[in-house]
Amino acid sequence: MAIIKEFERTDHAIRRQHAHHHENEPILKITNLTVEYQSGTALQDLNLLIPRAARLAVLGPNGAGKSTLLKVVAGVLTPTRGTVEVFGEEPNEHICIAYVQQRNQVDWNFPVSVRDVVMMGRIGKLGLLRRPGRVDRNIVERALEVVNMANLASRQISELSGGQQQRMFIARALAQEAEIMLMDEPLTGLDTGAQEDIFQILDTLRNNRVTVLVALHDLKMAAERFDGVILLNHLLVAMGSPTDVFTTEKLAQAYGSQRVAATSAWLMIDEACCEDGGHSHD
Amino acid sequence: MIEALIDAFSHPFMLRGLLAAGFVGVICAVVGTFIVLRGMAFFGDALSHTILPGVAIGYLISGRASEPLFWWAMGTAVLSALGIGAISRATKIKEDTAIGIIFAGMFSLGIALISTVKDYALDLSHFLFGDILAVADKDLLMIAIFGMAILLIILAFYKEFVVISFDPVLASTLRLPNRLLEYLLLILIAITIVVSLQTVGVALMVAMLVTPAATAYLLTHRLPVMMALAALIGALSGAVGLTLSYFVNIASGAAIVLVATTIFLVVFLTVPGRKPLTVKVSSEPPAGSKAP
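Those protein sequence lines, which keep their order, are chains V and G. This note's numbering puts the first residue of the first sequence at 8, with every later residue one more than the last. This note's numbering puts the first residue of the second sequence at 12, with every later residue one more than the last.
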C-alpha cells in the first residue's frame, strides 16, 4: 500500500513539475502552523511572514521547536495543521530550499569527496537517469570557490575540519541554487575564525538575495550579526529586530523568568543590544 | 598445476560453476556496497533466511527442479523485503528487533516445511549452503539476465542511491522519491539474494553481500572505486573458492566465503587503520544515520 501511495505522490510531483515562483508573494508565509509529535506539541499556532534576503536567527531554549520549524519550512516534515507557503506555494513543491542539518547527522566516513557532496546539490535539477554535464560541473566549481574550498575539492569528507564541513554544505546549497537556506546550529563547535568565515559567506548570500534562517543558541551573536530574530518557545514569543525582541520580559517568556534573572549573561546581552541600537560613540 | 586447473574446468559443471560464482560475486559485491554503507548487513542476512519457506513450498510442490524454486524464492524474497520495509516503519518496535522476529519465524517455518519430506537433510543443506555444481545452463541464463538487470538499475539510479544513502534529508529537499528509491533498493537486494541462492545458499549469503564490499571500503575513499574493487574481490573469491573446493574437496559455498574472509583479513591487517587515521570530527557520527 505504501508503495502505491508513493507512486501516486511521485507521479503527482513529476506532472506538476516544480512550483512556480510568484515574485510578489512573500518568500515565506507561515499561517497557524502547528506540529505535533507523539511526544507532544513542538510548535503551536505559529504565524510568520518573512521578507526576501533577510538573515534571521531562530532562537529559543532546547526543544522549543527550532529544528522542527526549519524542517517544516524545508518541506521534509508535514505540519499537523496550518500552512507553509514559499513564494505562495507548498514547500515540498520547491527545490530551491536548502536545509543544512546538524553536522553530526552525517556519516563522515562515507566514501565521497567534497566535490561529490557539492555535486549532490545538482541532482534535483538534473532529474532521474541524467548525469551531470559541464554546466553542473562549472556550477559546482564556482560554489566551491565562493566558500573558499576549491583547493580541498578532492578531499575525502572525513579529512575536513568542522568549519570546512559547514562550508561544504553551504557550497552544496549554492549548487542547489537555493533561494532559502535553513541552517540548524551551523556555528556550534566552531572556533571564532571558522565562524567568521561562515559569516563572510552569509554576507555573499545576502548580496545574492538568498534568505537565510539559522537556528542558534548564542543570543549575543544573534544580536550582533542578524537582521532579525524569531524567538520561539513552542509558540512564537516574538519576531523582529534584536533590539525589539531581546527585552527581559520577552526573554523570560521564552527561557523562563528564573533563568533570565539568575544569569547575568542574559542581561549583558540586553545591554549589548541597546549599545547596538544607536548609541553614538563620537 | 596449470594442467590440473585445465583438467578441473574441462568438466562442464565446473565451468558453469565458475561462471556462476564469478557473476554472483560481482552482483553481490556491487549491491553489497550499498548494504555496507547503509549499515544493512543484518537486513541482508535476515532477508536471505526469510525466503526459505518460499523455497520450501516450491520444493514440496515441484521437487528439486531449479526453475520453479527460483520463482518461489523470487516471490518470497520480494514480498519479504517489502514486508520488512513496511513493518520497520509502522511499529513502535525497533527495526532490528522487528527484523529479528520475522527472520527467525520465517526461517523456522521453512525448516518445518522441508522436514515434512523424508530424507530431507541433504536438500535442506543445499538450500542453506548452496549447491554450485548443480547449476545448469538454464540457471546460468537466469543469473545472467537478472544479474544484468540489477547492475543496469544500479547504474541508472546510481546518483539517487548515493544521495538517499548519504543524506536522506537532502534527498527530501531535492524532492527525490525517497521511499520509492528505498523500496527499489530493497527489491534489488532481494533479487540479488535469489540469484545467488544456488551459489552460496541462504545461510552464507550475507558474507557475499558484505565481505567483499567491506574489504573494498578499507582500501579506498572513492565510491566508484569501492564498487569496482568489491566486484573484483567478489568474483575472485567465487573463482578461487570454487577451485579450492574442487581440489581440497570441501563444500563450495563455504570455500568461497572463506576465501572472501581471508582477503578481508589480509587487507584489514596490512592496511592498518586507514580510516581511523583520518582527522576525527568533533562529534561522533551515528552509524547508518537516518533522518528522524
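The beta-carbon is built from N, C-alpha and C at its ideal position, and this holds for glycine as well. Remember, predicted model here, so these are calculated numbers, not experimental data.
- For a Cβ distance threshold of 7 Å, residue set Ala81, Gly82, Val83, Ile104, Ala105 and Tyr106 of chain V lies close to G:Thr184, ordered along the chain.
- Per DSSP, reduced to three states, the secondary structure at G:Leu187 is coil, with no helix or strand assignment.
- Taking 8 Å as the CB threshold, V:Phe253 stays off the interface with chain G.
- According to the DSSP secondary-structure assignment, V:Leu40 is paired through a beta bridge with V:Leu53.
- Here the region 73–88 of chain V makes no contact with the region 195–204 of chain G; the two share fewer than three CB pairs at distances below 8 Å.
- No Cβ of chain G is located within less than 8 Å of the beta carbon of V:Pro33.
- Put simply, the CB of V:Phe94 is far from chain G, with every gap to its CB atoms at 8 Å or more.
- Under the three-state reduction of DSSP, V:Met156 is assigned to coil, being neither helix nor strand.
- The continuous beta strand (DSSP E) containing V:Arg88 extends over residues Arg88 to Val93.
- Residues of chain G whose Cβ lies closer than 7 Å to the Cβ of V:Leu136 are, in chain order, Ala167.
- In terms of Cα proximity to G:Val270, the closest of G:Gly121, G:Asp107 and G:Ala250 is G:Ala250.
- Contacts with chain G at 8 Å (Cβ-Cβ) do not include V:Gly70.
- For G:Arg49, the enclosing alpha helix (DSSP H) stretches over residues Pro23 to Arg49.
- According to the DSSP secondary-structure assignment, V:Gly247 is paired through a beta bridge with V:Val236.
- Of the candidates G:Leu166, G:Phe177 and G:Asp56, G:Phe177 places its Cα closest to the Cα of V:Val121.
- Sixteen is the threshold: since fewer than 16 other Cβ atoms of the shown chains lie within 10 Å of the Cβ of V:Gln207, the residue is exposed.
- If you look at V:Met188, you'll find it in the beta strand (DSSP E) that goes Ile187 to Asp191.
- Among the residues facing chain V, G:Glu171 is included, as its CB has a counterpart in that chain under 8 Å away.
- Secondary structure of G:Gly249 (DSSP, three-state): helix.
- By the CB criterion at 8 Å, G:Ala262 and G:Phe138 fall outside the cutoff.
- For V:Gly82, the CB contacts under 6 Å within the same chain, skipping 5 residues up- and downstream, are Pro98 and Asn99 in chain order.
- A distance of 8 Å or more separates the beta carbons of G:Leu151 and G:Glu171.
- Proximity of V:Val113 to chain G, defined by a Cβ-Cβ separation below 8 Å, is satisfied.
- Below 8 Å, too few C-beta pairs join the region 194–202 of chain V and the region 117–134 of chain V to call them touching: fewer than three.
- Taking a 10 Å sphere around the C-beta of G:Asp142, we find 16 or more other C-beta atoms and assign the residue as buried.
- In this chain, the beta strand (DSSP E) harbouring V:Ala105 covers Ile104 to Val107.
- Counting other Cβ atoms within 10 Å of its Cβ, V:Arg137 stays below 16 and is therefore classed as exposed.
- Under the DSSP assignment, V:Arg62 falls in the beta strand (DSSP E) whose first and last residues are Arg62 to Leu66.
- From the listed residues V:Asp210, V:Ser161 and V:Ile57, the smallest Cα separation to V:Val147 is found for V:Ser161.
- In the structure shown, V:Leu242 adopts extended strand secondary structure according to DSSP, grouped into three states.
- Sequence-distant Cβ neighbours of V:Pro33 in its own chain, meaning closer than 6 Å and more than five residues away, are Leu56.
- Within chain V, not a single residue places a beta-carbon under 9 Å from that of G:Leu58; the smallest gap is close to 17 Å.
- The beta carbon of G:Asp130 sits closer than 8 Å to no other beta carbon from its chain once the five residues preceding and following it are set aside.
- A direct Cα-Cα distance of roughly 28 Å separates G:Val211 from G:Ile98.
- Collapsing the DSSP output to three states places G:Thr273 in a helix.
- Only exposed fits G:Ser126, as fewer than 16 other CB atoms lie within 10 angstroms of its CB.
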